[in-house]
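Position 67 (the first sequence) corresponds to 141 in our numbering; numbering is contiguous.
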Amino acid sequence: MLEIITEQGSARTGKLKINNKEVETPFFMPVVTKGAAKFINNKELEQIGSDAIICNGFILSVKPGLNVLRKMGGIHKFINYKGAVFTDSGGFQMYSDKLLEKTTDEGIHFKEPFHGSKLLITPEKDMEMQNTIGSDAAMCLDDMPLYGSDKKRIQESVLKTIKWAKRCKKHHDEIKDKQLLFGIIQGGTYPDLREFCARGIVALDFDGYAFGGLAIGEPPEETFKAVEAAIKFVPKEKPRYLMGVGTPELILEAVSMGVDCFDSRYPTMTARNGTMFTGKGQINIDKKEFEYDEKPIDEECECFTCKNFTRAYLHHLTRLNEPTGHTLKTIHNVSWMQEFMRRIRESIKQGKFEEYKKRFLEKFT
RNA sequence: CCCUGCUUAGCUUAACGGCAGAGCAGUCGGCUGUAAACCGACCAGUCCCAGUUCGACUCUGGGAGCAGGGA
């Protein structure tokens, strides 16, 4: 479970122990939806300091399917990754109108991603799925409303999310396994609904708590308002997970509010599109100004890409849309992000988090 | 010197005589629990000069440039 080592204000650093894996908090999980992040393999993810990743239980249960996962000895062995594996429930895939058919009280009716046939995911099935996959931490099936939904819809989502969480918890308890189960708190950007949902979810006593349905287009102040409204009701000794976040700025702010855990496709997706993290802010390597630039992406970065290749070369590869370029860019962004998390943890341990945050934000424009 | 063909945005090209469009390149944004090496915006054009016509990238005449062929 979570062992808190140092606290500074609401920010804390600690160790999350799951299934004899140990992950220092706060940490960032690269998104490994189908068992592979794009343009970077799982060994590379390990090597550059990703102690945890998140896969998608729903997608994996469709392909390669649960039989393969079972026969291949579970997710860790199958994808050859030693760190902690979280799985997402598939609730987020409601966000894709290509996948979503409808939701009922029973569960989510999906269109099967590869053939389009209909597929009902219930909380119970979802628990079986994620447990068969063998992840270290599973997520409850939640009802994820689109950004901009009216309050009535968010209210409905909160009630459904709590109801499903109850069924998830009950079924997960029956399975009897070391796998952790996280409850997800919805509520859009309405503080009262966030509070209501947090109380309802926390009452069910999960191993960890996630804030869902955020960072989907709302302004950052709204994101934080929502987290703030909910996080007060989450027990201190339980890990808190802000799903889908994100950018360095958002992570810093969330850490100072007491969040321990993040995941986002942001570093890998933006890398492919040319956006590179540096200590001075983001740059787009696709721009002509880097054509003759002999510097590494970030002069203070120690990653494989920065130690070996110039901006000019990465610019060139990007222009030609070369897969190797995408790989090198992805390695940089993920490495940079993991180094960023290390520095956050270090600064909390030294009681200098607020100074670190301030200094970072001054330079990161 | 003669004959033939061609000329539309930086490049490759659309448009019965009826609103000059597109792809690539370029510039600028965006990307946040990934069926997304993506999405959006902007920039920019009829080789030149006359003529016919309500109206010309399109038809006629002249010129320039390029390519091929013949002396």
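Using N, Cα and C, we set each Cβ at its ideal position, and we do this for glycine too.
Presumed contact (8 Å Cβ cut-off) between residue i and residue j, rounded CB distance
i	j	result
R90	K312	It is worth fixing the name first, because residue 90 is Leu in this sequence and not Arg. With a Cβ gap of about 10 Å, L90 and K312 do not count as contacting.
L143	F152	6 Å
G282	F256	4 Å
D224	F160	D224 to F160, Cβ: 31 Å. No contact.
I259	V329	About 18 Å; that fails the 8 Å criterion.
L394	I371	That belief does not hold up - the Cβ atoms of L394 and I371 are roughly 18 Å apart, past 8 Å.
R241	E198	6 Å
H406	A345	7 Å
I127	V106	4 Å
Q167	A212	In fact, because the Cβ distance is near 16 Å, the residues do not count as touching under 8 Å.
K423	T80	5 Å
Residue burial classification, residue i (beta-carbon count within 10 angstroms, cutoff 16)
i	result
E365	exposed
A300	buried
G318	buried
R416	exposed
E429	exposed
E413	buried
L324	buried
G147	exposed
E374	exposed
R314	buried
T404	buried
S338	buried
A158	buried
S409	buried
Identity of the residue in the options nearest residue i by Cα
i	options	result
I195	F351, T178, G88, A211	T178
P104	K95, N93, E120, E98	E120
T379	M350, K361, N358, R393	M350
K362	T161, T392, T263	T392
R268	E296, K145, H246, I405	E296
D162	L193, M201, H183	M201
H246	A110, V97, L278	L278
E180	P309, E376, K237, Q412	K237
F285	D216, P293, S124, T352	D216
H189	I182, L173, P197	L173
M411	R433, N115, G353	G353
H150	Y264, F102, N94	N94
Y221	F102, P293, Y155	P293
K381	E396, P397, L402	L402
A304	H400, L326, M331, G320	M331
C335	D125, I114, A110	D125
P341	K423, R433, F383, K112	K112
T321	G88, I92, F102	F102
N154	M168, Q167, K117	K117
K145	I207, L193, Q167	I207
L435	T263, N347, I114, L326	L326
F88	E376, C377, V333	Correcting the residue identity first, residue 88 is Gly in this sequence and not Phe. Comparing Cα positions, the closest option is V333.
Paired residues, beta bridge with residue i - DSSP
i	result
P104	S338
D247	Looking at the DSSP assignment, D247 forms no beta bridge with any residue, so it has no partner.
M350	I357
R314	Y283
F184	L174, L193
I128	V105, F160
A211	F160, L254
R86	E81
T99	G88
A111	I114
I259	F285
L76	L90
Own chain partners of residue i with C-beta closer than 6 Å, once the 5 adjacent residues on each side are dropped
i	result
K369	R385
S135	M203
R86	I78
I275	A239, G257, I259
F307	A272, R273, V276
G123	Q412
G165	L215, D216, M218
G261	V232, L267, R268, C271
Q356	T349
T439	G355
K234	D217
D367	R385, A386
Beta-carbon proximity list for residue i, same chain, < 8 Å, skipping 5 on both sides
i	result
D251	N205
K108	C129, N130, I133, L134, K137
S191	K185
D427	According to the sequence as given, residue 427 is Phe; it is not Asp. Result list for F427: Q82, G83, A85, V329, S330, I418, S421, in chain order.
G425	T80, Q82
Residue i Cβ short of 6 Å to the ligand COA heavy atom set
i	result
E120	Within the structure as shown, the ligand COA is missing, as the structure has no ligands at all.
Residues near residue i in its chain [Cβ-Cβ closer than 7 Å; skip 5 each side]
i	result
K176	H183
K437	G353, K354
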